[in-house]
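S.K.:
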Amino acid sequence: MKFLSGFSGFENNFSRFVNRFSYEEKRRSLGENAYFCGKIIFMRIDIITILPEMLEGFVRCSILKRAQDKQLAEIHLHNLRDYTADKWRRVDDYPFGGFAGMVMKIEPIENCITALKAERTYDEVIFTTPDGERFDQPMANTLSLHKNIIILCGHFKGIDYRIREHLITKEVSIGDYVLTGGELAAAVMADAIVRIIPGVISDEQSALSDSFQDNLLAAPVYTRPADYKGWKVPEVLLSGHEAKIKEWELEQSLERTKRLRPDLL
Ligand code: 6GU
1 MKFLSGFSGF ENNFSRFVNR FSYEEKRRSL GENAYFCGKI IFMRIDIITI
51 LPEMLEGFVR CSILKRAQDK QLAEIHLHNL RDYTADKWRR VDDYPFGGFA
101 GMVMKIEPIE NCITALKAER TYDEVIFTTP DGERFDQPMA NTLSLHKNII
151 ILCGHFKGID YRIREHLITK EVSIGDYVLT GGELAAAVMA DAIVRIIPGV
201 ISDEQSALSD SFQDNLLAAP VYTRPADYKG WKVPEVLLSG HEAKIKEWEL
251 EQSLERTKRL RPDLL
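Quick note: the sequence shown uses this note's numbering, first residue 1, plus one each step.
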């Protein structure tokens, strides 16, 4: 039940979380599909980056756009350079100790996080880094229950370690490889978190059946035509026999999981 975890103590967690909504937020969220267990979910993600242009297109498209249009989520991008005080708008500096590369400075990051915290309370201040905890579906589930999170995108050789010690509450990696910056990691996380907020995907079941299903890979899907130049759709799917179709789906899920991801079983 790996994919299901992250929701332990769910109801409990959830009530705490829902009670933090202001009346205005609740009212704004009223409307289609805005309820889950009879409650409303609304989430805000603040992303701090030196490359906001890299994320601008992404957060205004697809699932994140839909979530924002439905007022179920808000994604805000903050250009770290806007929080510098010097005329060169410097966000990095040479490392003490004479090491190679550059290090992200404390001041702009602290200024930005402090400004955000002055406006609202944050559940997590996340730093994207290859040496962080591995991001997975249970972590996405847990994070999707939060109301406000900050994601700070790492860059260069690293950030001044004092930021990690004093301001960051969670360090996250999206896999065992090194990216140039944390922007892609922030995009991956925002997508995975926001898509499971109830009401974001029009058929709530579709989010449940792909990510929360019993630790199995999904069965293959097909659409028309039923026969494309002799490539045929499995007969059972055309039968209209619901029970047999369900049985086929489970068999396929099990077979594909055994073959492709035995580690999940
Ligand atoms: Cl979160 N950041 C960077 N720079 N590289 C990564 C990563 C994060 N996760 C995997 N590789």
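All C-beta atoms in this analysis are idealised placements derived from N, C-alpha and C, irrespective of residue type, glycine included.
Since this is a predicted model, take the numbers as computed values, not measurements.
So, A73 versus F42, is the Cβ gap smaller than 8 Å?
M.R.: It is a contact, given that the beta carbons lie within the stated cut-off.
S.K.: Is R44 helix, strand or coil when you go by DSSP?
M.R.: Correct three-state label for R44: strand.
S.K.: Starting from S173, follow its DSSP beta bridges and name the residues at the other end.
M.R.: Paired residue(s): R134.
S.K.: Could you check what DSSP says for K258 in three-state terms: helix, strand or coil?
M.R.: Helix.
S.K.: Applying the 10 Å Cβ sphere with the 16-neighbour rule, what's the burial state of R195?
M.R.: Classification of R195: buried, given that the 10 Å Cβ count is 16 or more.
S.K.: Less than 8 Å between the CB atoms is what I'm expecting for I45 and H78, so what's the real figure, rounded?
M.R.: Between H78 and I45 the Cβ distance is about 11 Å, and since that is not below 8 Å, they are no contact.
S.K.: What is the DSSP secondary structure of I150, reduced to helix, strand or coil?
M.R.: In the structure shown, I150 sits in a strand (DSSP, three-state: E or B).
S.K.: So is the beta-carbon of T169 under 7 Å away from any non-hydrogen atom of ligand 2?
M.R.: Within the structure as shown, ligand 2 is missing, the only ligands being ligand 1.
S.K.: Exposed or buried, S239, counting other C-beta atoms within 10 Å across all chains shown (16 or more means buried)?
M.R.: It is exposed - the Cβ of S239 has fewer than 16 other Cβ atoms within 10 Å.
S.K.: Near L264, what residues of its chain come up, given a Cβ to Cβ distance below 6 Å and the 5 sequence neighbours on each side ignored?
M.R.: The residues are N215 and T257.
S.K.: Just checking, does the region 137-144 make contact with the region 175-186 on the three C-beta pairs under 8 Å criterion?
M.R.: No, the region 137-144 does not touch the region 175-186.
S.K.: Could you give the C-beta distance for I126 and K170, rounded to a whole number, given that I count them as a contact under 8 Å?
M.R.: Yes, I126 and K170 are in contact; Cβ-Cβ is about 5 Å, under 8 Å.
S.K.: Confirm the yes/no value for this check: CB of V178, any heavy atom of ligand 1, distance under 7 Å.
M.R.: Checking the Cβ of V178 against ligand 1 gives yes.
S.K.: Would you report the Cα separation of A67 and M189, rounded to the nearest angstrom?
M.R.: Straight-line Cα distance between these residues: approximately 15 Å.
S.K.: Nearest-angstrom Cα distance between R162 and P130?
M.R.: Between R162 and P130, the C-alpha separation is close to 18 Å.
S.K.: Quick one: measure Cβ to Cβ for Y122 and I159, integer angstroms, because I've assumed they're closer than 8 Å.
M.R.: About 18 Å; that fails the 8 Å criterion.
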